[in-house]
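One rule links them: number in our numbering = place in the sequence shown (from 1) + 947.
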Amino acid sequence: MKIAITAAGGSMSAQVEPNFGRCSYFIIYDTDTKKFEPVQNEAASMTGGAGPKAAGTIHEKGARILLTGKVGPNAEISLKGFGIEIIPGISGKVSESLENYLKTAGQ
């Protein structure tokens, strides 16, 4: 399973960015391989429609779960349409946030 985390940089030590559609990067973590892929968010600089565009990006990467601070209403509609589970209220370092989520999810 793949998990997307909104991030300020392209590493596991980056801080979680609070805004889904405008984050700098997504860290796509694969729970099967235990590897991650940094993906630059091309929607970050869009004047409109950033949330749905960002949702499409993580969907294309195979993410089934999103860890983030918050998601706007249009992004939420897109994410739910793709079947991506949204886990809001995430903050701190990407690595710590992911570890905490995996512990609570029993993985």
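We treat Cβ as the ideally placed atom computed from N, Cα and C, and that holds for glycine.
Source: prediction; values computed, not measured.
DSSP beta-bridge partners of Y1048: In the DSSP assignment, Y1048 is bridged to no other residue.
Beta-carbon gap between A1002 and F983 smaller than 8 Å: In this structure, F983 does not lie closer than 8 Å to A1002 by Cβ.
Boundaries of the alpha helix (DSSP H) in which K1000 is found, first to last residue: Residues A997 to E1007.
Distance between S1044 and G1019 (C-alpha atoms, nearest Å): Rounded to whole angstroms, the gap between the alpha carbons of G1019 and S1044 is 20 Å.
I1031 versus V986 - alpha carbon distance: Inter-residue distance for I1031 and V986 is about 17 Å (C-alpha atoms, whole angstroms).
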